[in-house]
Amino acid sequence: MTEFSGRLRELRQEKGLTQSQVAKIVNMSKMAISHWESGHSEPSISQLIDLSEFFGVTVDYLVGKGD
Numbered sequence: 336m337t338e339f340s341g342r343l344r345e346l347r348q349e350k351g352l353t354q355s356q357v358a359k360i361v362n363m364s365k366m367a368i369s370h371w372e373s374g375h376s377e378p379s380i381s382q383l384i385d386l387s388e389f390f391g392v393t394v395d396y397l398v399g400k401g402d
């Protein structure tokens with residue numbers, strides 16, 4: 336598991352949301368969220384920005400480059 340996948344799962348669970356709920360909120364597929372959390376794929380830059388804005392964290396935090 337990458338730093339990103341672990342942080343995404345952690346942030347989602349802290350908000351008490353399912354993968355489907357996050358996908359709908361940030362206009363992505365549930366499968367994309369699932370693949371990101373399992374480390375099978377990674378989001379684009381624009382998708383990282385959308386996720387960081389939704390969760391209120393920096394892109395650096397999401398990708399494991401900051402606290």
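To convert, count from 1 in the sequence shown and add 335; that's this note's numbering.
Glycine included, each C-beta is placed from N, C-alpha and C at the ideal position.
task: Kindly indicate which three-state DSSP category LYS365 falls into: helix, strand or coil?
output: Within the sequence shown, numbered from 1, the residue matching residue 365 stands at position 30. In the structure shown, LYS365 sits in a helix (DSSP, three-state: H, G or I).
query: Using DSSP with H/G/I as helix, E/B as strand and the rest coil, what is SER381?
result: As a position in the sequence shown, residue 381 is number 46, starting the count at 1. DSSP places SER381 in helix when its eight states are reduced to three.
task: Take PHE339 as the anchor and find which of GLN356, GLY351, SER373 has the nearest alpha-carbon.
output: Stepping through the sequence shown from its first residue, residue 339 is reached at position 4. With distances taken between Cα atoms, PHE339 lies closest to SER373.
- request: Could you tell me if GLN354 is buried or exposed, where buried requires 16 or more neighbouring beta carbons within 10 angstroms of its beta carbon?
  value: Residue numbering aside, residue 354 sits at position 19 when the sequence shown is read from its first letter. Its Cβ being crowded by 16 or more others within 10 Å, GLN354 is buried.
Distance between beta carbons of TRP371 and LEU352, contact taken as under 8 Å: Taking the first residue of the sequence shown as 1, we reach residue 352 at position 17. Taking the first residue of the sequence shown as 1, we reach residue 371 at position 36. About 14 Å separates the two Cβ atoms, so there is no contact after all.
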